[in-house]
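One point on numbering: in our numbering, the residue at position 106 of the sequence shown is 937, and numbering is uninterrupted.
The beta-carbon is built from N, C-alpha and C at its ideal position, and this holds for glycine as well.
Since this is a predicted model, take the numbers as computed values, not measurements.
Okay, structure first, notes after.
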Amino acid sequence: MLVLQGQMTAGMIFASSTISGRALQPIDQLVADWRQIVDARKAWKRLGSVIASGKGHRADRLILPEPEGRLTVKNLFWAPTHARADTSAAIIKDVSFDLKPGHVLAIFGPSGSGKSSLARLLAGVAEPTGGTIALDGADYPTWDRKQLGGYIGYLAQDVQLLPGSIAENIARFDAGVSDANITEAASRAQAHALITGLKQGYQITMEAAGGSLSGGTRQRIGLARAFFGNPKLLILDEPNSNLDAEGEAALERALLQAKAGGTTVIIVTHRPAIVLKCDKALVLRNGAVDAFGPASEILQRLSGAKPRPVNANRVSVRNKSETADAPENRDASLVESTA
């Protein structure tokens, strides 16, 4: 209208549009980055709570004797922070089981059933909304945080290697450890030969390696980090998701060695072949325990095969009426989804 009336030229319109765009650019950038800002604030609060808890309680906690690896989980619940007021939104629901030292447990179930969330809780990465997790009878909060961390090895599904050398990542950036401790952890994880075969070996940094490290190599370095310090409890979330046949064979040797050494091992997996090598199996459905017992019997039941006569007390199944009414197709589909 101003142009038609001769009060503004086309150049003035172009200039005003450019100026207004520049003026609104910071606001547009703020809106685009708002999710990252919110996530950063949440991370800052979590970091502050960890630091505060360490300052306030560490001096009051005794250094407990070295555990054997007996794990006891009772009535465990977990829900995201924003949904904790709604009990129906819990991701982990009333999970209970126990493991003897040196036993290997496979956790499997459909996608989205809460397997990785349960692994994070067992590793102490996340705090439960309700229930308890105890190592050798002592609840996690009663342990000194650093002491407990030294007894637990954890391999996340998405392995994160921090800026620094492979040796530093394996040692969890503890500057006081010896080279022998680092190479021992790599050897226990069957990764020593792999690492020494890399250019610069243990001293190559993540920055220098860039994207040259394959997913399988990163996973085996993460496994070596989990083995560092001779942990009494080892928690592996999909440890073979990026491994080739050689890597899977190395993983199997590492697990057998850990079991022989008395380490309690928990494996989150989708592969029945791994379940058969375990002592116990736990099936999760919608965050709850659907079955828990000897691995061979649980897998046999889920495959639809006719089970051998066993003592009814050897297998614990939640909601037996559901099991009796449900067709074998439901259990068979679970085996297919874990294949």
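With 16 other Cβ atoms within 10 Å as the buried cut-off, status of residue i
{"i": "Gly-968", "result": "exposed"}
{"i": "Asn-906", "result": "exposed"}
{"i": "Ser-848", "result": "exposed"}
{"i": "Gln-1050", "result": "buried"}
{"i": "Glu-897", "result": "exposed"}
{"i": "Pro-911", "result": "exposed"}
{"i": "Ser-880", "result": "exposed"}
{"i": "Phe-845", "result": "exposed"}
{"i": "Leu-798", "result": "A query on residue 798 cannot be resolved here, the shown segment of the chain reaching from 832 to 1170 and no further."}
{"i": "Trp-875", "result": "exposed"}
{"i": "Leu-999", "result": "The sequence shown places Glu at residue 999, rather than the Leu named in the question. Buried: at least 16 other Cβ atoms inside 10 Å."}
{"i": "Val-990", "result": "buried"}
Distance, residue j Cα to residue i Cα
{"i": "Pro-1103", "j": "Gln-1034", "result": "37 angstroms"}
{"i": "Leu-855", "j": "Ile-868", "result": "19 angstroms"}
{"i": "Asp-1005", "j": "Gly-981", "result": "11 angstroms"}
{"i": "Asn-1012", "j": "Pro-857", "result": "50 angstroms"}
{"i": "Val-1099", "j": "Lys-1090", "result": "16 angstroms"}
{"i": "Arg-1019", "j": "Lys-873", "result": "37 angstroms"}
{"i": "Gln-1021", "j": "Val-862", "result": "48 angstroms"}
{"i": "Gln-899", "j": "Pro-932", "result": "Sequence check: residue 899 is Glu here, not Gln. C-alpha separation (whole angstroms): 6 angstroms."}
{"i": "Leu-993", "j": "Leu-1054", "result": "14 angstroms"}
{"i": "Gly-808", "j": "Arg-866", "result": "There is no way to answer for residue 808, as the model of the chain reaches only from 832 to 1170."}
{"i": "Ala-1081", "j": "Asp-859", "result": "51 angstroms"}
{"i": "Asp-929", "j": "Asp-1075", "result": "32 angstroms"}
{"i": "Trp-974", "j": "Ile-894", "result": "7 angstroms"}
DSSP state of residue i mapped onto helix, strand, coil
{"i": "Gly-984", "result": "strand"}
{"i": "Asp-1217", "result": "The requested residue 1217 is not part of the displayed model; the chain covers only 832 to 1170."}
{"i": "Thr-849", "result": "helix"}
{"i": "Lys-931", "result": "coil"}
{"i": "Phe-908", "result": "strand"}
{"i": "Lys-1063", "result": "coil"}
{"i": "Arg-892", "result": "coil"}
{"i": "Arg-1003", "result": "coil"}
{"i": "Pro-1125", "result": "strand"}
{"i": "Thr-876", "result": "Reading off the sequence shown, one finds Lys at residue 876, where the question assumed Thr. Reduced to three states, the DSSP call for Lys-876 is helix."}
{"i": "Ile-1013", "result": "helix"}
{"i": "Ile-922", "result": "coil"}
Beta-carbon separation (whole angstroms), residue i vs residue j, contact threshold 8 angstroms
{"i": "Thr-1036", "j": "Leu-1064", "result": "Actually they are not in contact, since the Cβ atoms of Thr-1036 and Leu-1064 sit about 30 angstroms apart, beyond 8 angstroms."}
{"i": "Cys-1109", "j": "Leu-936", "result": "6 angstroms"}
{"i": "Gly-1118", "j": "Ser-944", "result": "7 angstroms"}
{"i": "Arg-1003", "j": "Phe-1059", "result": "6 angstroms"}
{"i": "Asp-1068", "j": "Ser-947", "result": "6 angstroms"}
{"i": "Leu-1130", "j": "Val-1120", "result": "With a Cβ gap of about 16 angstroms, Leu-1130 and Val-1120 do not count as contacting."}
Heavy atom of the ligand NAD within 7 angstroms of residue i beta-carbon
{"i": "Lys-977", "result": "Ligands in the displayed structure: none, and consequently the ligand NAD is not present."}
Subject >> Minimum length 3: unbroken beta strand (DSSP E) runs contained in the stretch 1029 to 1077 >> reply: 1064 to 1068
**OP:** Pick out the complete beta strand (DSSP E) segments inside the stretch 945 to 992, 3 residues or longer, and give them in chain order.
**Re:** 961 to 966, 983 to 986
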